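Following our numbering, the numbering of the sequence shown begins with 113 at its first residue and continues without gaps. Remarks on the structure that follows.
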Amino acid sequence: MDFGVLSEFSMATILFCLFVAVVGGVVKGAIGFALPLILVSGISMVTDPKIAIAALLVSTLVTNVLQTFRAGTGPALASLKEFWRYVFAVCLFIFLSAQLVPLIPSRVFYFVLGIPVVGLSLIQLFGVQLTIAPRHRRKAEWGIGALSGSFGGFAGTWGPTTVLFLLAINTPKAKQMIVQGVVYGAGSVSLLTAHWQSGILNKETAPLSFAILPAALFGMWIGFRIQDRLDQALFKRITLVVLIIAGINLLRKGVMG
């Protein structure tokens, strides 16, 4: 049986990838995002960034589907109906920008994503509330959705800008988790399809992507139990702290490559 790039990994490297997947799953289950960020950041420490992007694809898709329907089909469909513009823009720009990944240095996009994530999260963490007025929401959905999708196609993650958008329109915790699941689930399908087309996901990288899925699911199971105990204020604060940490790590990768 051909195990692709897994055959080239040492046991220590494989165990490290599984550990990263568990950690990412816990965070994903607790606050609804950051699994792709953690996977691409952690796994790219021991392998090529493009292999790390391929590694996150299957776990991202499956965990997002679980998150989408955790509260039932009705709330998921209602969220899709309400946020269809944002979802459409994300999916379209994920597919388009992913085709450029083999051609453009990843470190460029780590900077582009990391700087605004850290800056905007710090502003909110220190008490400055960013808001989007209802009259501007439709334009914001198209614009921020396109921006998020571009980040998703290039760096494999569209979570930080999506979370910042949902916080800016004061989305309640329970609803935010469902909306994030819908946006990430639809985007994950687009991302996986796009990277099958771009060649990032192939017979060499697919075994790694499937291999880390059980670890991510185990971590997500733990994270769901943590999420159920978080109140709204603590949830928002933890979300912002995770965004800052993730953003700083993106900037680190932009500097170090």
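Ideal Cβ placement from N, Cα and C applies to all residues, glycine included. Owing to the predicted nature of the structure, the values given are computational and were not obtained by experimental measurement.
Can you tell me whether residue i is helix, strand or coil according to DSSP?
i    : result
A252 : helix
G144 : coil
W270 : coil
Q211 : coil
G184 : coil
F121 : coil
F205 : helix
M368 : helix
P246 : helix
K315 : coil
L342 : coil
I126 : helix
P361 : It is Asn, not Pro, that sits at residue 361 in the sequence shown. Correct three-state label for N361: helix.
F347 : helix
I150 : helix
F200 : helix
I281 : coil
Which value, in whole angstroms, describes the spacing of the CA atoms of residue i and residue j?
i    : j    : result
Y198 : L303 : 15 Å
A183 : C129 : 30 Å
A252 : S122 : 46 Å
G255 : G265 : 16 Å
A201 : G257 : 5 Å
R349 : L237 : 7 Å
F223 : R364 : 9 Å
R219 : G226 : 10 Å
S191 : A286 : 12 Å
L151 : S262 : 18 Å
L118 : R247 : 51 Å
F124 : E194 : It should be noted that the sequence gives Ala, not Phe, for residue 124. Using only the alpha carbons, I get a separation of about 45 Å.
G141 : F115 : 29 Å
P217 : W270 : 18 Å
Y296 : P272 : 11 Å
P319 : T351 : 31 Å
L279 : A298 : 20 Å
V174 : I244 : 31 Å
T185 : V294 : 11 Å
S300 : E120 : 27 Å
S321 : R250 : 36 Å
L208 : L215 : 13 Å
T159 : L178 : 28 Å
P284 : L329 : 25 Å
N361 : M332 : 22 Å
M289 : L276 : 13 Å
Return the first residue and the last residue of the alpha helix (DSSP H) that residue i is part of.
i    : result
R337 : L325 to Q339
T78  : The structure shown does not extend to residue 78, since the chain is modelled only from 113 through 369, so no value can be given for it.
Inset, instruction - Scan the stretch 156–181 and note each continuous alpha helix (DSSP H) run of 4 residues or more that stays entirely inside, going in chain order. - result: If one requires a minimum length of 4 residues, the alpha helix (DSSP H) runs lying completely within the stretch 156–181 are 161–181, in chain order.
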